[in-house]
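All remarks here apply to the structure that follows.
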Amino acid sequence: MGENNLSFLDKVLNIVKDERSEDKPLIEFKHPKELERILDLDISEGVTDQELEECVRQVLKYSVKTNKAVFRNQLYSDTDPYGLSGAWIAEAFNTSQYTFEVAPAFTLIELKVLSHVLKLFSIPDGDGIFSPGGSMSMLYALVAARFKAFPEVKSKGMRNLPEMVIFTSEDSHYSIKKAAHWLGFGTENVKIVTTNEKGQMITEELDKAIENAKIKGQYPIMVNATAGTTVLGAIDPLNYIADVCEKHNVWMHVDACWGGSLMLSSKYRNRLLGIERAYSISWNPHKMAGAPLQCSLFLVRKKGLLHEANSASAQYLFQQDKFYDVSYDTGDKSIQCGRKIDAFKLWMIWKARGDLGLSQLLDNVMSIAQFCQQAIAKRPGFRLVVDSLQCPNVCFWYIPRFMRNQDEDDTWWDIMHKITPKIKELLTLGSLLMVAYSPLRHHKNFFRLAFSFHPKIDEKQVLGMIEAIEKCGEEITLDMLQ
Ligand SMILES: *Cc1c(COP(=O)(O)O)cnc(C)c1O
Numbered sequence: 022m023g024e025n026n027l028s029f030l031d032k033v034l035n036i037v038k039d040e041r042s043e044d045k046p047l048i049e050f051k052h053p054k055e056l057e058r059i060l061d062l063d064i065s066e067g068v069t070d071q072e073l074e075e076c077v078r079q080v081l082k083y084s085v086k087t088n089k090a091v092f093r094n095q096l097y098s099d100t101d102p103y104g105l106s107g108a109w110i111a112e113a114f115n116t117s118q119y120t121f122e123v124a125p126a127f128t129l130i131e132l133k134v135l136s137h138v139l140k141l142f143s144i145p146d147g148d149g150i151f152s153p154g155g156s157m158s159m160l161y162a163l164v165a166a167r168f169k170a171f172p173e174v175k176s177k178g179m180r181n182l183p184e185m186v187i188f189t190s191e192d193s194h195y196s197i198k199k200a201a202h203w204l205g206f207g208t209e210n211v212k213i214v215t216t217n218e219k220g221q222m223i224t225e226e227l228d229k230a231i232e233n234a235k236i237k238g239q240y241p242i243m244v245n246a247t248a249g250t251t252v253l254g255a256i257d258p259l260n261y262i263a264d265v266c267e268k269h270n271v272w273m274h275v276d277a278c279w280g281g282s283l284m285l286s287s288k289y290r291n292r293l294l295g296i297e298r299a300y301s302i303s304w305n306p307h308k309m310a311g312a313p314l315q316c317s318l319f320l321v322r323k324k325g326l327l328h329e330a331n332s333a334s335a336q337y338l339f340q341q342d343k344f345y346d347v348s349y350d351t352g353d354k355s356i357q358c359g360r361k362i363d364a365f366k367l368w369m370i371w372k373a374r375g376d377l378g379l380s381q382l383l384d385n386v387m388s389i390a391q392f393c394q395q396a397i398a399k400r401p402g403f404r405l406v407v408d409s410l411q412c413p414n415v416c417f418w419y420i421p422r423f424m425r426n427q428d429e430d431d432t433w434w435d436i437m438h439k440i441t442p443k444i445k446e447l448l449t450l451g452s453l454l455m456v457a458y459s460p461l462r463h464h465k466n467f468f469r470l471a472f473s474f475h476p477k478i479d480e481k482q483v484l485g486m487i488e489a490i491e492k493c494g495e496e497i498t499l500d501m502l503q
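Heads up, the sequence shown is in this note's numbering, so the first residue is 22 and it goes up one at a time.
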């Protein structure tokens, strides 16, 4: 292939269009060893473009078609088509989001999107950065909180600092544990606060836990509130948490990776009231809003802090005697050196749809989730985990006929615990539906159907998903669960 010849890309575009078409199955599931035999993965000898095309087709044939409505396995799903265009453009123009000189337009775009989002989250004077995901944003939050309390940590490390503790709810995302390990706090210093039945942090418990830590001489460094928990979609009582944080003078972070998209709608954003009191916020447009992976934002109330906390002032890259205004070299706010142009994907989406278009997409998602929740509530054999809908997560069990009208003792629930994954297996092997399941606290394995902006899902499709679960559920016998 010639250096500047994009003919292979044209071919690839056609393959992608074919493989994303209606008639393709969601998944042709093969176990790892079997798939390894089918695919021609050896890379020791080069192949012709034609052969490579065949290889690509094979790879995509066995890849999950996440653009289909029946892909409900994760919190991301199909991409917004404008976002996908943005992703391809950003790849083709291959540059790094660190200095104005190599990314002039993209730098201004990141700043513009950040300021728009900061206004939306009611911290207009704040700052922010695009990061490669919510887990990374959690690292940013902890680094910012620690730096704010103990700026000397940057040069001297943790020696001579008090033992620091972090507070989060039992339903919150696991990334906080990883971050606590990576940053040297230790996972034992992540204090778990209990939640109510709806999955929301119990504020009185948080208050008590902070008091306890103080009595022990520990330093409460951050409270992580969640706006949209990963499984139930619960929104912690942000205003109450903000009160507790204020009382104890602790950094309040809101993990709005999932639920942050509710801010896009004037109808639903009041569910996140109190978020404007946070010191930092994370939001993943790559989940509900359909920005291509990865696209996550970390926002911070205090301007300048990101730069102060993270800068290393590398002289070969961030020279201060450049010929242009170097305040536009924003890369030193980041932990990364090379950084992808993630902002452009979100900018393309927003530019095409505007505030109103995004607001309507969010309203659609909430109304289809409501429909799903109501359909499940009244259908025999289905049982909701929580009655109320906070984010577009619908969580439920399917109880096959042979399990109904029995004593729901521990043995019964142990069987239910095996039934849910078995139904999932049948759904996947039959290419009917890919759906998430999870246990949670005392709850045995249940399903989570979560909805996102793309593709737009109608009521008929939701009923189809419910019927598929029912069909596979009725195929199950006790023998299959051994
Ligand atoms: C998904 C998720 C994260 C992690 O985001 P990644 O981009 O997958 O790293 C963090 N918090 C919540 C609540 C999430 O749902």
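The C-beta atom is built at its ideal place from N, Cα and C for all residues, glycine as well.
Residue closest to residue i, alpha-carbon to alpha-carbon, out of the options
{"i": "A277", "options": "N88, P460, Q411, K372", "result": "Q411"}
{"i": "V483", "options": "K366, Q315, A396, P442", "result": "A396"}
{"i": "L285", "options": "L382, D500, A162", "result": "L382"}
{"i": "D500", "options": "I490, F168, F423", "result": "F423"}
{"i": "V244", "options": "V252, K237, S193", "result": "S193"}
{"i": "W109", "options": "M369, A457, E232", "result": "M369"}
{"i": "L27", "options": "R58, F344, D70", "result": "D70"}
{"i": "V37", "options": "R78, P46, R58, L73", "result": "R78"}
{"i": "L520", "options": "C416, V174, L450, K399", "result": "Nothing about residue 520 can be reported from this structure: the residues present for the chain run from 22 to 503 only."}
{"i": "W279", "options": "W371, K175, G154", "result": "G154"}
{"i": "S409", "options": "S196, I130, G220", "result": "G220"}
{"i": "V91", "options": "M486, T498, G494, E496", "result": "M486"}
{"i": "A255", "options": "L454, N385, I389, N217", "result": "N217"}
{"i": "Q391", "options": "L405, L379, S380", "result": "L405"}
{"i": "E496", "options": "K177, I444, L60, Q336", "result": "I444"}
{"i": "N305", "options": "G281, R298, N291, I64", "result": "G281"}
{"i": "D431", "options": "Y419, L450, P442, H463", "result": "H463"}
{"i": "L253", "options": "T498, F29, H475, A471", "result": "A471"}
{"i": "G295", "options": "S332, V271, D257", "result": "D257"}
{"i": "Q503", "options": "P476, L448, H438", "result": "H438"}
Residue i burial status per 10 Å Cβ neighbour count (16 or more: buried)
{"i": "K324", "result": "exposed"}
{"i": "G205", "result": "exposed"}
{"i": "Y119", "result": "buried"}
{"i": "R167", "result": "buried"}
{"i": "E131", "result": "buried"}
{"i": "V15", "result": "Not covered by the structure: residue 15. The range shown for the chain is 22 to 503."}
{"i": "L377", "result": "exposed"}
{"i": "T100", "result": "buried"}
{"i": "Q394", "result": "buried"}
{"i": "G494", "result": "buried"}
{"i": "F121", "result": "buried"}
{"i": "A126", "result": "exposed"}
{"i": "N466", "result": "buried"}
{"i": "P183", "result": "exposed"}
{"i": "R322", "result": "buried"}
{"i": "S156", "result": "buried"}
Residue i vs residue j beta-carbon contact at 8 Å
{"i": "S303", "j": "S317", "result": "yes"}
{"i": "K51", "j": "Y83", "result": "yes"}
{"i": "E491", "j": "G402", "result": "yes"}
{"i": "T116", "j": "I440", "result": "no"}
{"i": "S473", "j": "K308", "result": "yes"}
{"i": "T247", "j": "S190", "result": "yes"}
{"i": "I81", "j": "E112", "result": "Checking the sequence shown, residue 81 turns out to be Leu, not Ile. Contact flag unset, no."}
{"i": "V186", "j": "I242", "result": "yes"}
{"i": "S152", "j": "F319", "result": "yes"}
{"i": "I231", "j": "H274", "result": "no"}
{"i": "G147", "j": "L139", "result": "yes"}
{"i": "H504", "j": "D346", "result": "Residue numbering for the chain in the displayed model covers 22 to 503; residue 504 lies beyond these limits and cannot be assessed."}
{"i": "K86", "j": "L47", "result": "yes"}
{"i": "D350", "j": "K288", "result": "no"}
{"i": "K32", "j": "E74", "result": "yes"}
{"i": "R469", "j": "N426", "result": "no"}
{"i": "A330", "j": "K89", "result": "no"}
{"i": "L293", "j": "L259", "result": "yes"}
{"i": "L450", "j": "A489", "result": "no"}
Next on the checklist: Three Cβ pairs or more, each shorter than 8 Å: is that satisfied between the segment 308–317 and the segment 353–369?
Outcome noted: yes
Next on the checklist: Three Cβ pairs or more, each shorter than 8 Å: is that satisfied between the segment 146–166 and the segment 194–204?
Outcome noted: yes
Checklist entry - Counting only runs that start and end within the segment 402–473, where is the alpha helix (DSSP H) found for 4 or more residues in a row? => result 431–450
Checklist entry - Considering only residues of the segment 107–132, which uninterrupted alpha helix (DSSP H) runs meet the minimum length of 4 residues and lie entirely inside it, listed in chain order? => result none
Item to check | Those runs of the beta strand (DSSP E) which lie wholly inside the segment 221–286 and span at least 3 residues | outcome: 240–247, 272–276
Item to check | Ordered list of beta strand (DSSP E) runs contained in the segment 174–222, each at least 3 residues | outcome: 185–190, 211–214
Next on the checklist: List, from N- to C-terminal side, the alpha helix (DSSP H) runs of 4 residues or more that fit wholly inside the segment 43–80.
Outcome noted: 53–59
Checklist entry - Is the segment 225–236 in contact with the segment 256–270, if contact means three or more CB pairs nearer than 8 Å? => result yes
Item to check | Segments assigned alpha helix (DSSP H), at least 4 residues, entirely inside the segment 298–348 | outcome: 326–331
Checklist entry - Pairing CB atoms from the segment 208–215 with CB atoms from the segment 170–188, are three or more of them under 8 Å? => result yes
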